[in-house]
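Numbering (our numbering), first residue to last: 4 to 307.
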């Protein structure tokens, strides 16, 4: 048995949908199933919250004396063993009831430290769900508020983390799955996913996949309200409809300026939405200044 880590580039990219599809294969089990179906499936955040783990390895390494002969790679070995421990934890947690699936699946809507997982456990297959950044931004803003700028930068950072992980992916461990491809071409897309996991497609419940209910959609949530995880049918054909099509041109241009390269990396097009060259650097500077002010304010609050 092995863990299966499913990462989303950011919230609202479709991690729940991909995980729900994977649950339809008998050899892939979720880490946990809440008794109340109105509760969302777990999102573990095991790696995007791993900053203390990395600091621990770095701080311990500083205390080691070269004369001890531990070797220059001792820190790397320590980190690998700790990451391997996280992988074993997922399997143990997901098989407490006696099940023996090929994979115990867990997910996180963030790719921070994905690079660490791929570098330390290079033979472990990993899935990353991608989605058009404009749809992610619009859906997240509707669900939780905050600014278009903030969500664009969050999505962009998610792609940049993915790129960093791909650069150390020596064995093709990472499989990127586009949300739009799942909707438009479910069977060939899922067959590709199952092949990456070496799972037989003949055991997958294709009929259940085609009739999978919707959970947690912002289309079915009033703005400012909590997401509903109760399964419902998409009788109006809302899922898959672009959320950004009514964006004004300046917003499209700003998004293209901030995340055009990341969109291209994933195979998405932003179109011809060039902005005024003098405007974007000013907006970048304003954002950086506001961010520095927020961090200074937070430090002052923490020191009181």
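Glycine included, each C-beta is placed from N, C-alpha and C at the ideal position.
Under the three-state reduction of DSSP, residue 18 is assigned to helix. Relative to residue 167, the option among 212, 152, 115 and 147 whose CA is nearest is 115. Contact between the region 41-51 and the region 112-129 is present: three or more C-beta pairs spanning the two stretches fall below 8 angstroms. Rounded to whole angstroms, the gap between the alpha carbons of residue 163 and residue 265 is 7 angstroms.
Around the beta carbon of residue 274, fewer than 16 other beta carbons lie within 10 angstroms, which makes this residue exposed. Counting only unbroken stretches of 4 or more residues, the alpha helix (DSSP H) elements lying wholly within the region 125-190 are 136-147, 151-170 and 182-187, in sequence order. Residue 108 sits away from residue 56, with the two beta carbons spaced by 7 angstroms or more. DSSP places residue 5 in the uninterrupted beta strand (DSSP E) bounded by 5-11. Contact between residue 131 and residue 177 holds: their C-beta atoms lie close to 6 angstroms from each other, under 8 angstroms.
In this structure, DSSP gives residue 106 an extended state, which the three-state scheme calls strand. With a cut-off of 8 angstroms on Cβ pairs, the region 139-149 is not in contact with the region 75-92, counting fewer than three such pairs. Under the rule that a run must span 4 or more residues, the alpha helix (DSSP H) segments found entirely inside the region 72-101 read 77-97. 7 angstroms or more divides the Cβ of residue 201 from the Cβ of residue 125. Straight-line spacing of the CA atoms in residue 4 and residue 154 works out to 36 angstroms.
Residue pairing from DSSP places residue 31 in a beta bridge opposite 106. Shown here, residue 114 sits in coil according to DSSP, grouped into three states, outside any helix or strand. Under the Cβ criterion (8 angstroms, minimum of three pairs), the region 25-40 does not count as touching the region 59-67. In the structure shown, residue 265 falls within a helical segment according to DSSP collapsed to helix, strand and coil. At least 7 angstroms separates the beta-carbon of residue 188 from that of residue 204. Leaving aside the five residues that flank residue 206 on each side, the residues in its chain whose CB is nearer than 8 angstroms to its CB run, in chain order, 28, 29 and 30.
The beta-carbon distance between residue 139 and residue 16, rounded to whole angstroms, is 6 angstroms. This is short enough to meet the 8 angstroms contact definition. In the displayed model, residue 40 falls within coil according to three-state DSSP, outside both helix and strand.
In this structure residue 215 is in contact with residue 23, their Cβ atoms being roughly 6 angstroms apart against a cut-off of 8 angstroms. Here residue 6 is buried: its Cβ has 16 or more other Cβ atoms, across all protein chains shown, within 10 Å.
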